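Below: one structure, written as structure tokens.
Protein chains in written order, with the working numbering: chain A, 1 to 670; chain B, 1001 to 1670.
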């Protein structure tokens, strides 16, 4: 008889490995398969995201067809078909039948899928709930026929199991189709497949998406642009993002002959000068074999890396949407709402978070059919994928709620939380690594760097809204006043002069005294040829003025724009240009023209003008310079303003002022 | 020269497997390692949770020591030591150095850790941020010395790497100690190790926890009970929780000779009668070999399972805390706040969610030093582990916010969201499978069954609060009135009688007319021996009364209680008993005594009395019967009430009334 097992032996005997498929099968709520409604959405989402990624990699304008059909009482059949490059026969089982298997995890560039979990999880869920295999049809260009595989997942081993296999003729050069039968429920409205596809269409204006609903309704989202987004490039990791353990591990595994070559070739951002400095500070010679560097030296090396300024990680690994396409995408989908104002979209310059580059983009739409008594609609996106769940637990929502929107013209209880008003806010975060809070990829984790950029992007968009709202009010008022003066005053003068038999006097001093404003107006573009947007600045004040004009326009349009007269300064990264205008006597004007190539769809609304050198109260059609521009005004402007006794508009109190002094951000916390 | 690769080949060549360790290393925010503060908390949490699980399995009262010490500028050393059974040498590397490896995933019973991820993730994070191995010391009873291993994780393969190994004498029979050096930051206050240990102490009153903070401060949470919680038992899965794919898979893998034996022995809840019914409905004979049942029959079998009522999954796989220990745990830790009221804690009967049993428990504390102008403090727990993050995204928070607390005496803006008041609410969910929203185990996913139980538990606790608040007000008022009447009236009568030279009249009719109340009061227990709580019901109304008395008391104390007189009915599961009291003439009383064994610590506060047969306005010291009791009142009580023209108090409007008609729950949605 074997001796009785001790407690420790007994406990040890129960230890065993858990397969990742088993784990997620049991915890399917983590992957977004909690209930039949959400399971459907997650399945559609994972399949469409994969299709979009594949099309972009193959440089094909995506054509994606989604069909959802009833299949018994509580089951649906989901079909997603794309015109992507197709998948080689030998890879099909692994791609669809194995969790944690994929091509994008190690690539270090922006993509929708990264984890190699999503679509396999859908296959897992389908098999679990209906015991039916998933059918995959895929054709690559170089083969005549499509491979058709039916497969399921062996959860205990996390390996694909091919149930049947066939060849099929398919009348498209290449593409992939997946068909799953799963326990699911179709709904419309919030958190539905329609909502997801609508969001996807907004941030992927180059895609054409169709959806066939179970009741036969067909919904199509057509392209808003025929241009593919630039393909994000892979780049080696940036040293700022390396933790000590990771650096150590990479050094040990490196095949480069010297640590110097390791740093310049297996990391990004390390130039020859930085390398020299790093080597010197870390007490190395630079010729050491990477795998043989002792632990303490690795620590010193990493410390040195953080002391030396490096080139920021390349933004080429990212594929932001860009201000123009954000606006066009919103217009394409929001047509029926007829908003009164599409704010110029904001695309912040790329920043870095733990060695990974990221970009924040913000769009804002106001008025029209948007409900005025509801919280604003917040559309959240990560790497061009809509986030439909967990809004409350997302860093984007936190950033929106932390801004005091009352300053920008929206209602907001107590100055925090989602503001109320006829407004839709779009926020897109693009990064080589999105910090999702869970595998279901529904919310972003809090992060100080990310929050800073979100806040800046939202503030910029909010400022556009404020400008629009105050301009609307004041322009209406000034226009009314102006119309009266310009109509009545000359008539009055003519009549009076006639009565007294004297010549009609110069009305300028009188008009300017009554108006007492500087008037800025951009003319609608003339048709054909390149678009020229002429902005006229008129001094209707009784005093001569030296004004500084500032322009902000979409950053992606800035490089193609030409200006007349030439600006005195520009900042292409932020899409800004500025001019010291010639001295304007009362009732005189000058014109600044911005010219963009035809087809760029820049509109007068996309140009934001700011003026320094005149009191805010006397300015119509432009705003005083915001405080965060941090521009030194020319002496002439300052002197003229001082002479007039009109203070130059200063930074708004409490405004975040990150740009002015990067790294010493200071948000007031009222 | 090899032919150029096609696009599909090129894409295929990039496909590869992702190790689960790599995945979590890159997505460490998912596991709760976003930043140095949270990384510390997660590390302490995972180590302590494991220690508690181990001690319970070994039936040892846990003694857990946590030490956090500075180790350079941005590093901390974390030490967690327990008196558990220890771990066999051969299992140490896998337990600490491999993700998805553990003993509790397949056990189907309540435990803190289940996934086999937590502590290995801490080892992974420590290695990643400091490149230092983790040191594990463990001794099992049957060996003389402790094994000391230093280990790290090979992330690419998700396997442990033992760096060094030694033996050490350790002066305890058995136990485990883990020491990690990690990039971390120590804070106090919310979401800190102290907060986590305080919460742990509340729901684990049998544990002794000590914490040594980096500045040398030592905090101790002593035991509130010397009794170990019952060890949850493993049980086979309940068929209600099986999806089709899972059932199919289990049948295929079964070694039982017949499907009948499979159902009764590899599933729980299927008795002989239910088996017969299931077999009949599914068109099988019951003698089929499980692995050979065709797909369609499996579908029919599962459909049949859902049509036949089965015994609910056993609650023996759970280890709820119990009403008494919740209260004792709260008292043990909240001592310095001196709350005015500890509500009798609520322990709902076990329910089932997708085949997995679960229990909801609610504790509520009111007044004293708790801040009156803040939202209530919500302490969330799952399987005896405090949940400190993601409060906003948790089903518990949703349930608390969905209740209209204004009905129960707390402020609440608009009747939803966290109420405001000097109140602390504890919610504990115990289950064999907790639906966490992510691997960090910080929030529960929404689920209708869970929500229903949470709502019922919270309502029960809220009712106790309401009773307390209204009783406090009315008792104060009645006591004042009573004192005056009882003091002044006899004096007045004596004086008047003396003056007119007549005998003092019987004051009863006058007193009862002025008081016009039924008074219920429970006397404080007398010391020594079993505790007898005598409740006196006095009819101070001018009318004879037939009253029905209802008692609700902690369910875990109910079985030991004896009653005098014997109740007319009881419901042990809900801890309820009721009596039709003898007819009470004006100014007469009767006494009902509840007796519990010594040491059970039942207090007068733990007994809730409800009365039917008298108008709510005439009732002091007890409440009218809540609407959800669904008890048929004896004819005598109804008749007496009708005679008096006093309606029997009905269910409060809008109250959830699940119990009355199980399964047809109906919450009004105002």
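All C-beta atoms, glycine included, are put in the ideal place defined by N, C-alpha and C. All values reported here derive from a predicted model rather than from experimental measurement.
Checklist entry - When we look at the beta-carbon of residue 1309 of chain B and count the other beta-carbons within 10 Å, is it buried (16 or more) or exposed? => result exposed
Checklist entry - Straight-line CA distance for residue 1016 of chain B to residue 377 of chain A? => result 40 Å
Checklist entry - Candidates B:1032, B:1014, B:1020, B:1021: which alpha carbon is nearest residue 1387 of chain B's? => result For residue 1387 of chain B, the nearest C-alpha among the options comes from B:1032.
Checklist entry - Taking DSSP as the reference, what is the three-state secondary structure of residue 1635 of chain B? => result The DSSP-derived three-state label of residue 1635 of chain B is helix.
Next on the checklist: In whole angstroms, give me the CA-to-CA distance for residue 652 of chain A and residue 190 of chain A.
Outcome noted: In this prediction, residue 652 of chain A scores a pLDDT of 35, lower than 50, which makes its location untrustworthy; no coordinate-derived value is stated.
Item to check | Between the CA atoms of residue 314 of chain A and residue 19 of chain A - distance to the nearest angstrom | outcome: 37 Å
Next on the checklist: On the criterion of 16 or more Cβ atoms from any shown chain inside 10 Å, does residue 1555 of chain B qualify as buried, or is it exposed?
Outcome noted: When all chains shown are included, residue 1555 of chain B counts as buried.
Next on the checklist: Can you tell me where the beta strand (DSSP E) holding residue 1514 of chain B begins and where it ends?
Outcome noted: Residue 1514 of chain B: not part of any beta strand (DSSP E); member of the alpha helix (DSSP H) spanning 1508-1515, first to last residue.
Next on the checklist: Between A:90, A:5, A:199, which has its C-alpha nearest residue 424 of chain A's C-alpha?
Outcome noted: A:199
Next on the checklist: 8 Å is my cut-off, CB to CB: does residue 105 of chain A come that close to chain B?
Outcome noted: yes
Next on the checklist: Threshold first: 3 residues or longer. Then list the beta strand (DSSP E) segments lying entirely within the segment 1093-1178 of chain B, N to C.
Outcome noted: 1134-1139, 1146-1154, 1159-1168
Next on the checklist: With a threshold of 7 Å on Cβ separation, who are the neighbours of residue 1334 of chain B within its own chain once the five nearest residues in sequence on each side are excluded?
Outcome noted: 1365
Item to check | Cα-Cα separation, residue 1611 of chain B to residue 1548 of chain B | outcome: 6 Å
Checklist entry - Listing by chain order, which chain A residues have their CB less than 7 Å from the CB of residue 1110 of chain B? => result The contacting residues do not exist; residue 1110 of chain B stays about 15 Å from chain A at best.
Checklist entry - Going by beta carbon distance, what residues of the same chain come within less than 8 Å of residue 1105 of chain B, once the five residues before and after it are set aside? => result 1114, 1115, 1116
Checklist entry - Taking Cβ to Cβ, would you say residue 558 of chain A is nearer than 8 Å to residue 575 of chain A? => result With respect to residue 575 of chain A, residue 558 of chain A sits close: the two C-beta atoms are nearer than 8 Å.
Next on the checklist: I'd like the span of the beta strand (DSSP E) that includes residue 67 of chain A, first residue to last.
Outcome noted: 63-70
Item to check | Rounded Cβ spacing between residue 168 of chain A and residue 149 of chain A (contact assumed at less than 8 Å) | outcome: Not quite, the Cβ-Cβ distance comes to about 11 Å (not below 8 Å), so this is no contact.
Checklist entry - Can you tell which of B:1498, B:1475, B:1420 has its C-alpha closest to the C-alpha of residue 1515 of chain B? => result Measuring C-alpha to C-alpha distances from residue 1515 of chain B to each of B:1498, B:1475, B:1420 identifies B:1475 as the nearest.
Checklist entry - Given that residue 85 of chain A touches chain B, what residues does it touch there, using C-beta distances under 8 Å? => result 1007, 1008, 1011
Item to check | Separation of residue 87 of chain A from residue 145 of chain A, as counted between CA atoms | outcome: 12 Å
Item to check | Segment contact flag, the segment 1576-1588 of chain B with the segment 1535-1553 of chain B, C-beta cutoff 8 Å, min 3 pairs | outcome: yes
Next on the checklist: Taking the alpha carbon of residue 38 of chain A as the reference point, which residue from B:1539, B:1460, B:1543, B:1446 has its own alpha carbon closest?
Outcome noted: B:1446
Next on the checklist: Is it the case that the segment 1397-1417 of chain B contacts the segment 1490-1500 of chain B, given that we only count it when at least three CB pairs across the two stretches are under 8 Å?
Outcome noted: no
Checklist entry - Which residues, in chain order, does the segment 1124-1140 of chain B contribute to contact with chain A at a C-beta distance below 7 Å? => result 1127, 1128, 1129, 1130, 1131, 1140
Item to check | Any chain B beta carbon closer than 8 Å to residue 585 of chain A | outcome: By this cut-off, residue 585 of chain A is not an interface position.
Item to check | For residue 41 of chain A, the first and last residue of its enclosing alpha helix (DSSP H) | outcome: 36-57
Item to check | Enclosing alpha helix (DSSP H) for residue 1012 of chain B [first to last residue] | outcome: 1007-1013
Item to check | CA nearest to the CA of residue 1564 of chain B, picked from B:1138, B:1596, B:1338 | outcome: B:1596
Item to check | Range covered by the beta strand (DSSP E) that runs through residue 1208 of chain B | outcome: 1208-1212
Checklist entry - Is the segment 1284-1294 of chain B touching the segment 1244-1263 of chain B, taking contact as three or more C-beta pairs under 8 Å? => result yes
Item to check | Residues of the segment 422-440 of chain A whose Cβ lies closer than 9 Å to any Cβ of chain B, in chain order | outcome: Listed by position along the chain: 433, 435, 436, 437, 438, 439, 440.
Checklist entry - Taking DSSP as the reference, what is the three-state secondary structure of residue 342 of chain A? => result strand
Checklist entry - residue 624 of chain A bridges to which residues according to DSSP? => result A:611
Next on the checklist: By the three-class DSSP mapping on this structure, what secondary structure does residue 1272 of chain B have?
Outcome noted: helix
Checklist entry - Taking DSSP as the reference, what is the three-state secondary structure of residue 428 of chain A? => result Strand at residue 428 of chain A.
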